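Structure, as C-alpha cells:
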Amino acid sequence: MRVMTKIKKTLAQAIADRRATPSFDGEPIPMEDLKQILEAGLHAPSGYNIQPWRFVVVRSPEQKKRLRAASYNQAKVEEASAVIVACGDTDGWRRDVDLMLKHGREGGMPESYAAQVKASVSNYLSSFSTEQMRGWLNKMVMLSFTHMMLMAEVMGYDTAPMEGFEQEKVHEVLKLPMSYWVVALLGVGHLKGSDKYDGGRFEMSHSVFAEEYGKPLK
Ligand SMILES: Cc1cc2nc3c(=O)[nH]c(=O)nc-3n(C[C@H](O)[C@H](O)[C@H](O)COP(=O)(O)O)c2cc1C
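This is how it looks when you write it as C-alpha cells:
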C-alpha cells in the first residue's frame with residue numbers, strides 16, 4: 012500500500028473525535044483523497060483474503076439525489092461530497108479465488124496451502140444459504156468500510172455511516188448486478204453547522220467480560 016501523505020490526526024484522535032456527521036457542506040472532495048480512502052478499504056483483511064467487497068462511489072449531484080430518494084430521503088446522502096456505497100458480491104469468491112491465489116503465490120504463499128485454500132473456500136462458501144452469505148458479506152464489507160471511515164477521519168474529513176436505505180431501490184439507482192448485496196453507505200465530506208450531540212458509550216463493565224460471560228475484567 013502507498014504510504015499516506017495527507018494525515019491530519021492520529022488514529023487514536025480520529026477514533027475519539029469521530030461523530031456520525033449530521034450535515035455536510037457539499038464541497039467536492041479531491042479524487043486523490045477519495046482514492047486514498049478507498050485504498051484503505053481495499054487493504055482490509057477478509058476471510059481467506061477473498062475481498063468480496065465492491066464499492067460504488069457516487070459524486071454527481073443527479074446520482075446523489077436519486078440515491079437520497081433510495082435512502083429514506085436522508086439529506087446527508089445528497090449533501091456529502093461523496094457517498095461510498097459498500098456492497099458485497101455473493102459470487103465474487105467463485106470468480107476471484109484464482110486471482111487471490113496468484114497474488115498469494117507472488118507474496119510467498121506455500122503451494123500446499125494454495126491447494127488447500129482453493130478446496131476449502133469452495134466447500135465453505137458454496138454451502139451457504141442466502142442468509143448465511145449475507146451475514147458473511149456483512150462481516151467482511153463492514154471491516155473494509157471501517158478502514159475507510161477511519162482513514163477519512165485521519166485525513167481530516169467527516170463521515171456518516173448509513174444503513175437507512177432500501178436494498179431494491181439502491182440496486183435500481185446504481186444498476187447493480189443481481190449478485191450484489193448492499194451493506195452500508197458512507198458519506199464523506201466536511202461537517203456543515205454544528206456537530207451532533209455525543210451519545211456517549213456504555214462503561215467497559217457493561218460490555219466486556221473476562222474469561223467467561225459475566226465476570227468483570229479487572
Ligand atoms: C452501520 C451504521 C449505520 C448507520 N445508519 C444510520 C443512518 O442510516 N442514518 C443516520 O442518521 N445515522 C446512522 N448511523 C449513525 C448512528 O446513529 C451513530 O453512529 C450512533 O448514534 C453513534 O453516534 P456517533 O457515531 O456520533 O458516535 C449509523 C451508524 C452505523 C455504524
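In the numbering used here, the protein residues as written are 12 to 229. Yeah, the Cβ is synthetic: ideal placement off N, Cα and C, and Gly gets one too. Only a predicted model underlies this, so the values are computations on that prediction, with no experimental measurement involved.
From residue i to residue j, what does the alpha carbon distance come to, in whole angstroms?
i           : j           : result
residue 199 : residue 149 : 20 Å
residue 41  : residue 220 : 44 Å
residue 203 : residue 53  : 29 Å
residue 76  : residue 62  : 29 Å
residue 32  : residue 84  : 16 Å
residue 161 : residue 26  : 7 Å
residue 24  : residue 165 : 8 Å
residue 197 : residue 55  : 16 Å
residue 88  : residue 30  : 16 Å
residue 105 : residue 57  : 15 Å
residue 44  : residue 168 : 10 Å
residue 140 : residue 147 : 10 Å
residue 135 : residue 214 : 37 Å
residue 174 : residue 116 : 37 Å
residue 223 : residue 51  : 34 Å
residue 163 : residue 119 : 31 Å
residue 211 : residue 28  : 12 Å
residue 225 : residue 142 : 30 Å
Is any beta-carbon of chain B found at less than 8 Å from that of residue i?
i           : result
residue 209 : The chain inventory of the structure shown lacks chain B, comprising one protein chain alone.
Going by C-alpha to C-alpha distance, which of the options sits closest to residue i?
i           : options               : result
residue 144 : 19, 64, 33 and 50     : 64
residue 98  : 139, 189 and 218      : 189
residue 154 : 172, 182 and 139      : 172
residue 185 : 73, 45, 44 and 55     : 73
residue 86  : 176, 30 and 224       : 176
residue 137 : 81, 117, 215 and 108  : 108
residue 82  : 201, 210, 214 and 183 : 183
residue 80  : 178, 115 and 223      : 178
residue 38  : 67, 201 and 225       : 201
Taking the beta carbon of residue i as the centre, do at least 16 other beta carbons fall within 10 Å, making it buried, or is it exposed?
i           : result
residue 207 : exposed
residue 158 : buried
residue 101 : buried
residue 103 : buried
residue 59  : buried
residue 7   : Within the shown structure, residues of the chain are numbered from 12 to 229, placing residue 7 beyond reach of any answer.
residue 191 : buried
residue 110 : exposed
residue 170 : buried
residue 130 : exposed
Residue i and residue j: beta carbons closer than 8 Å?
i           : j           : result
residue 156 : residue 91  : no
residue 49  : residue 181 : no
residue 152 : residue 194 : yes
residue 69  : residue 96  : yes
residue 216 : residue 227 : yes
Does the segment 19-37 come within contact of the segment 115-126, defined as at least 3 CB pairs closer than 8 Å?
The answer is no - the segment 115-126 does not touch the segment 19-37, with fewer than three Cβ pairs under 8 Å.
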